[in-house]
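Chemist: Please find one structure pasted underneath; my questions will follow.
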Amino acid sequence: MKRLTAALTAGLMAASMVSADPVDDTLVLNGETTIVTRIKAPEAVADVFDEVISGWHFREEETRAMQADDFDNPGMIFAELGEDLWNTVEGSEDKSCASCHESPDNMAEVRPGYPKWNEDAGEVRTLEMQINDCRENRMGAEKWKYTGGDMVNMTALLASVSRGRPVNVAIDGPAQSTWEAGKELYYTRFGQLELSCANCHEENNGRMIRADHLSQGQINGFPVYRLKNAKLNAVHDRFKGCIRDTRAETFEAGSPEFIALELYVASRGNGLDVEGPAVRN
Amino acid sequence: MAEDVKPRVKVPKSVSAGEAITIKTLISHKMESGQRKDDDGNLIPRSIINRFTCDFNGENVVDVTLEPAISTNPYLEFEALVPEAGEFKFTWYDDDGSVYEESKKIAIE
Numbered sequence: 000m001k002r003l004t005a006a007l008t009a010g011l012m013a014a015s016m017v018s019a020d021p022v023d024d025t026l027v028l029n030g031e032t033t034i035v036t037r038i039k040a041p042e043a044v045a046d047v048f049d050e051v052i053s054g055w056h057f058r059e060e061e062t063r064a065m066q067a068d069d070f071d072n073p074g075m076i077f078a079e080l081g082e083d084l085w086n087t088v089e090g091s092e093d094k095s096c097a098s099c100h101e102s103p104d105n106m107a108e109v110r111p112g113y114p115k116w117n118e119d120a121g122e123v124r125t126l127e128m129q130i131n132d133c134r135e136n137r138m139g140a141e142k143w144k145y146t147g148g149d150m151v152n153m154t155a156l157l158a159s160v161s162r163g164r165p166v167n168v169a170i171d172g173p174a175q176s177t178w179e180a181g182k183e184l185y186y187t188r189f190g191q192l193e194l195s196c197a198n199c200h201e202e203n204n205g206r207m208i209r210a211d212h213l214s215q216g217q218i219n220g221f222p223v224y225r226l227k228n229a230k231l232n233a234v235h236d237r238f239k240g241c242i243r244d245t246r247a248e249t250f251e252a253g254s255p256e257f258i259a260l261e262l263y264v265a266s267r268g269n270g271l272d273v274e275g276p277a278v279r280n
Numbered sequence: 000m001a002e003d004v005k006p007r008v009k010v011p012k013s014v015s016a017g018e019a020i021t022i023k024t025l026i027s028h029k030m031e032s033g034q035r036k037d038d039d040g041n042l043i044p045r046s047i048i049n050r051f052t053c054d055f056n057g058e059n060v061v062d063v064t065l066e067p068a069i070s071t072n073p074y075l076e077f078e079a080l081v082p083e084a085g086e087f088k089f090t091w092y093d094d095d096g097s098v099y100e101e102s103k104k105i106a107i108e
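Heads up: the protein sequence lines correspond to chains R and G, in order. Numbering follows numbering that gives the first Met the number 0, with no gaps: position 96 of the first sequence is 95. Numbering follows numbering that gives the first Met the number 0, with no gaps: position 97 of the second sequence is 96.
Structure representation (structure tokens):
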């Protein structure tokens, strides 16, 4: 009896170990575009990972299938709403995004490089900041709320045209100090639970945290459509959610802390293809 | 009209006569159930898509009643037999009286 129990336990453990590993699968969008979802780790994380893996591999089969088809992916509705905004003339200059940039397809090189150092402004800018800069200074329109509906729809559109291009953020030169600030935050323990990003996403990715499957915390799929709240989620809101779960007071979306963290976390996924709008749990 | 409502439909472009095809439809809609309360404790009024229909060349294919428990961005998938070339017409009816329409042509191979 004892031996039977031991065999059973071993069997159960083997089963749960297997199910917690990232799934071996290939993401092919609409049966056409193959997306790079795992690749040799970039230099910044080469000492901790052999391979960087997109969060797509950590999700269930149904969720993965949903993302592989543009029709089934509910995030694409919002990218389409973003396209309506793209063509909407607003502000004192009587311009829309399309007036200068024409087709969103021309922006395919944009998403993979952000956050990015802006020489004129002398700061690291996220895509959201650049969009608002365009709205304010070129269109003469009101800024959008940092993680508001219009902004997320627009970033979804810009991510969608970049799918299949690798994330490639610069971490040297003038961006280096921001990147280091982001790294500092990544390894800082927050909240009553005293957890840093690294505690879960670096040291324990692939394991279960109760019912949740911990991923590497890659952000190449943002903005993501989450099944839990049935809407698109901006990356800064996701950071907020994570920090809140450590029972800490969080930083604000668009704060210097989150801009630095976004740059650092993006650099940990350099080489993974842009997937946004991705579908996650 | 509720905000940010956008219907999407996926229908094959062509089919052999008499063959069954799969039609997928999705509409972005918040589907507010009428059960929830806002931060001040007031009931948020119900606002859902309450009916969906699909017609082919004037003949009804499906007519669905949707209830408040259906989640946001309702997705409906169904099969249809296509006897001849023609046009599918899709209609969603909103609680607030708005009607959203979409149509797709289909040819016979």
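Heads up, the beta-carbon is just placed ideally off N, CA and C, and yes, glycines get one too. Computed from a predicted structure; not experimentally measured.
1. Step through the CB atoms of chain G and report whether any lies within less than 8 Å of the CB of A229(R).
2. Between the Cα of G275(R) and the Cα atoms of A229(R), L156(R) and V264(R), which residue gives the shortest distance?
3. Looking only at its own chain, which residues have a Cβ that is under 7 Å from the Cβ of D3(G), when we skip the five neighbours before and after it?
4. Name the chain G residues that come within less than 8 Å of G79(R), Cβ to Cβ?
5. Have a look at V51(R), L28(R) and T25(R) and flag the residue whose alpha-carbon is nearest the alpha-carbon of A265(R).
6. One question on the structure: do G205(R) and N152(R) come within less than 8 Å of each other, judged by their Cβ atoms?
7. Chain G beta carbons: is any one of them nearer than 8 Å to that of P73(R)?
8. Answer yes or no: does any C-beta atom of chain R fall closer than 8 Å to that of T71(G)?
9. Quick one: is F77(G) buried, meaning 16 or more other Cβ sit within 10 Å of its Cβ, or exposed?
10. Report the residue ranges of all beta strand (DSSP E) runs contained in full by the region 94 to 122 of chain R; include only those spanning at least 3 residues, in chain order.
11. How many whole angstroms separate the CB atoms of I47(G) and L65(G), which I take to be in contact at a CB cut-off of 8 Å?
12. If we count Cβ pairs, one from each stretch, closer than 8 Å, do we get three or more for the region 74 to 90 of chain G versus the region 48 to 61 of chain G?
13. How would you list, in chain order, the residues of chain G whose beta-carbon sits under 9 Å from the beta-carbon of I170(R)?
14. If you draw a straight line from the C-alpha of A14(R) to the C-alpha of A97(R), how long is it?
15. Please name the residues in the region 75 to 107 of chain R whose beta-carbon is closer than 9 Å to at least one beta-carbon of chain G, in chain order.
16. What residue ranges within the region 119 to 144 of chain R form continuous beta strand (DSSP E) runs of no fewer than 3 residues, ordered along the chain?
17. Looking at the C-beta of F281(R), does it have a partner C-beta in chain G at a distance below 8 Å?
18. Does S13(G) have its Cβ less than 8 Å from a Cβ in chain R?
19. On the criterion of 16 or more Cβ atoms from any shown chain inside 10 Å, does R199(R) qualify as buried, or is it exposed?
20. Scan the region 213 to 246 of chain R and note each continuous beta strand (DSSP E) run of 3 residues or more that stays entirely inside, going in chain order.
21. Who are the Cβ neighbours of E261(R) in its own chain at under 8 Å, not counting the five residues just before and after it?
22. Please list, in chain order, the residues of the region 15 to 43 of chain G that have any C-beta partner in chain R closer than 8 Å.
23. Could you work out which residue in D69(R), F57(R), E42(R) and I38(R) is closest to E31(R) when comparing CA atoms only?
24. When burial is assigned at 16 or more other CB atoms within 10 Å of the CB, is G216(R) buried or exposed?
25. Among the candidates P6(G), V10(G) and I20(G), whose CA atom is the shortest distance from the CA of L80(G)?
26. Would you check if there are 3 or more beta carbon pairs closer than 8 Å linking the region 130 to 146 of chain R to the region 76 to 92 of chain R?
27. Going by beta carbon distance, what residues of the same chain come within less than 7 Å of P173(R), once the five residues before and after it are set aside?
28. Is it buried or exposed, V109(R), if we count other Cβ atoms within 10 angstroms and call 16 or more buried?
29. Tell me, to the nearest whole angstrom, how far the beta carbon of E256(R) is from that of L184(R); I am working on the premise that it is less than 8 Å.
30. Name the two residues that bound the continuous beta strand (DSSP E) containing D62(G).
31. For S13(G), count neighbouring C-beta atoms within 10 Å of its own C-beta (all shown protein chains included) and say buried if the count is 16 or more, exposed if not.
32. Report yes or no: do three or more beta-carbon pairs, one from the region 97 to 107 of chain R and one from the region 55 to 73 of chain R, lie closer than 8 Å?
Modeler: A quick look at the data gives this:
1. yes
2. L156(R)
3. S27
4. First, the amino acid is wrong: residue 79(R) is Glu here, not Gly. Within chain G, the residues near E79(R) are K5 and R7.
5. V51(R)
6. no
7. yes
8. yes
9. exposed
10. 115 to 117
11. 6 Å
12. yes
13. Correct list: empty, because the minimum Cβ distance to chain G is about 36 Å.
14. Bear in mind that the predicted position of A14(R) carries a pLDDT of just 44, short of 50, making it unreliable; the figure below should be weighed with that in mind. Looking at the two C-alpha atoms, the distance is approximately 52 Å.
15. M75, I76, F77, E79, L80 and D83
16. 122 to 124
17. Look at the range of chain R in this structure, 0 to 280, and you will see that residue 281(R) is not part of it.
18. no
19. Going by the sequence as given, residue 199(R) is Cys instead of Arg. Label assigned to C199(R): buried.
20. 223 to 225 and 230 to 232
21. P114, T125, G181, I218, V234, H235 and F238
22. K23, L25 and S27
23. D69(R)
24. buried
25. I20(G)
26. yes
27. W116
28. buried
29. 6 Å
30. E58 to T64
31. exposed
32. no
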